[in-house]
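**Student:** Residues in the sequence shown are numbered from 293 upward in steps of one, following the working numbering. Quick reminder that beta carbons are idealized off the backbone N, C-alpha and C, glycines included. Since the model is a prediction, treat every value here as computed from it, not as a measurement.
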Amino acid sequence: MAEISLKAEKREITTKGAVNELRRSGFIPGTYYSKGSDPISFSVFENDINPLVFTSETNMINITIGDNEPLLCVIKDVQFDPVTDKVIHLDVIGVTLGQVMTFEVPLNFVGTAPGVKEGGILQEFLHKLEISCMPRHLPDSLEVVIDSLSLGDSIHVRDLSYDDIEILNSEDAAVVSVIAPRAEEVAEEVEEEVMTEPEVISKGKSEEETTED
């Protein structure tokens with residue numbers, strides 16, 4: 293995994309007003325955590341952090357806070373504005389090489405499920421997995437192959453396995469399924485088909501009317 297460099301400023305003032313002013317200036321507040329060390333508050337330029345947040349990959353980051361030496365870390369938690377979806381705060385956690393750590397890694401669903409061609413709907417229940425591994429084994433993402441999923445089939449955590457990685461999610465947790473369309477959706481499709489059928493208009497008098505004449 294490639295390491296990405298990130299420049300940040302040390303943040304001393306943490307009042308609500310100061311934080312809001314920071315955001316208005318285009319910076320995002322954050323906190324660096326590391327086992328055995330005090331947390332470090334920092335701020336980072338919004339345009340620098342967005343590519344690392346809005347991605348389908350896990351990034352190892354070399355963050356330089358002020359004049360300190362670069363610190364190896366990964367993004368642990370991100371808070372978003374409920375209205376604009378903009379990043380408003382992030383936590384990063386220090387990485388110690390050679391020590392098993394816990395990470396969240398995004399899933400990448402690969403292939404085409406036959407059940408979808410049968411009319412089913414692909415339902416993704418998990419978008420990330422919590423894993424435990426050495427930092428050197430941390431993947432950008434974890435592939436989940438869905439080529440064997442027919443209508444009604446599911447993949448659970450217990451069905452997944454990766455080299456040098458321990459999955460911490462419950463074994464019974466569903467990851468992805470191909471489910472049948474809801475009855476309401478089927479009914480709507482049938483109704484649409486009926487509505488689009490051409491109306492047959494009879495011309496002339498009916499047989500009964502002709503007989504009466």
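Since residue 351 is in the alpha helix (DSSP H), which residue starts that stretch and which ends it?
**Tutor:** Within the sequence shown, the letter at position 59 stands for residue 351. Segment: none, residue 351 is in no alpha helix (DSSP H) and carries neither H nor E.
**Student:** Measuring only the C-alpha atoms, how far is residue 462 from residue 472?
**Tutor:** Position 170 of the sequence shown, counted from the start, is the residue given in the question as residue 462. Position 180 of the sequence shown, counted from the start, is the residue given in the question as residue 472. So the two alpha carbons sit approximately 25 Å from each other.
**Student:** Between which two residues does the alpha helix (DSSP H) carrying residue 310 extend?
**Tutor:** Taking the sequence shown and counting its residues from 1, the one referred to as residue 310 is at position 18. Following the DSSP letters along the chain, one finds residue 310 inside the alpha helix (DSSP H) bounded by residues 308–316.
**Student:** Under three-state DSSP, which class holds residue 421?
**Tutor:** Taking the sequence shown and counting its residues from 1, the one referred to as residue 421 is at position 129. Strand, per DSSP.
**Student:** Measuring CB to CB, does residue 408 end up less than 8 Å from residue 445?
**Tutor:** Here residue 408 refers to the residue found at position 116 when the sequence shown is read from its first residue. Here residue 445 refers to the residue found at position 153 when the sequence shown is read from its first residue. A distance of 8 Å or more separates the beta carbons of residue 408 and residue 445.
**Student:** Hey, out of 418, 392, 302, whose CA is closest to residue 436's CA?
**Tutor:** Translated into positions along the sequence shown, residue 436 becomes position 144. Answer by Cα proximity: 418.
**Student:** What's the gap between the Cα of residue 310 and the Cα of residue 332?
**Tutor:** The residue you call residue 310 lines up with position 18 of the sequence shown. The residue you call residue 332 lines up with position 40 of the sequence shown. Their Cα atoms are separated by approximately 17 Å.
**Student:** What are the boundary residues of the beta strand (DSSP E) that includes residue 322?
**Tutor:** Position 30 of the sequence shown, counting from 1, holds the residue named residue 322. It spans 319–325 - the beta strand (DSSP E) in which residue 322 sits, taken as one unbroken run.
**Student:** Within the continuous beta strand (DSSP E) that includes residue 302, where are the two ends?
**Tutor:** Taking the sequence shown and counting its residues from 1, one reaches residue 302 at position 10. Here the beta strand (DSSP E) through residue 302 covers 295–302.
**Student:** Could you tell me the boundaries of the alpha helix (DSSP H) in which residue 517 lies?
**Tutor:** The shown model of the chain, from 293 to 505, leaves out residue 517, and the question about it has no answer.
**Student:** Output yes if chain C places a C-beta closer than 8 Å to the C-beta of residue 400; else output no.
**Tutor:** The structure shown contains no chain C, having only a single protein chain.
**Student:** What do you get for residue 460, buried or exposed, if any count of 16 or more other CB atoms within 10 angstroms of its CB means buried?
**Tutor:** Looking up residue 460 in the sequence shown gives position 168. The residue is exposed, with fewer than 16 neighbouring Cβ atoms inside 10 Å.
**Student:** To the nearest angstrom, report how far apart residue 362 and residue 396 are at their CA atoms.
**Tutor:** On the sequence shown, position 70 is the one that residue 362 refers to. On the sequence shown, position 104 is the one that residue 396 refers to. Roughly 22 Å between the two C-alpha positions.
**Student:** For the beta strand (DSSP E) holding residue 466, just list the boundary residues, first then last.
**Tutor:** Residue numbering aside, residue 466 sits at position 174 when the sequence shown is read from its first letter. Per DSSP, residue 466 belongs to the beta strand (DSSP E) from 466–471.
**Student:** If you reduce the DSSP assignment to three classes, tell me which class residue 398 lands in.
**Tutor:** In the sequence shown, the residue the question calls residue 398 occupies position 106. Residue 398 falls in the strand class under three-state DSSP.
**Student:** Confirm, please, whether the CB-CB distance from residue 386 to residue 364 is below 8 Å.
**Tutor:** Indexing the sequence shown from 1 puts residue 364 at position 72. Indexing the sequence shown from 1 puts residue 386 at position 94. Contact: yes.
**Student:** Does the distance from the CB of residue 325 to the CB of residue 383 come in under 8 Å?
**Tutor:** Mapped onto the sequence shown, residue 325 falls at position 33. Mapped onto the sequence shown, residue 383 falls at position 91. Contact: yes.
**Student:** Does DSSP put residue 507 in a helix, in a strand, or in coil?
**Tutor:** This structure cannot settle anything about residue 507, because the visible part of the chain is limited to 293 through 505.
**Student:** Is it buried or exposed, residue 296, if we count other Cβ atoms within 10 angstroms and call 16 or more buried?
**Tutor:** What you label residue 296 is simply residue 4 of the sequence shown in a count that begins at 1. Exposed: under 16 other Cβ atoms inside 10 Å.
**Student:** In the DSSP assignment, the beta strand (DSSP E) including residue 429 goes from what residue to what residue?
**Tutor:** Counting from 1 along the sequence shown, the entry for residue 429 is found at position 137. From DSSP, residue 429 is part of no beta strand (DSSP E); its letter is neither H nor E.
**Student:** Within a Cβ cutoff of 6 Å, which residues of the same chain sit near residue 341, ignoring the five residues on either side of it in sequence?
**Tutor:** Translated into positions along the sequence shown, residue 341 becomes position 49. So the qualifying residues of the chain are 320.
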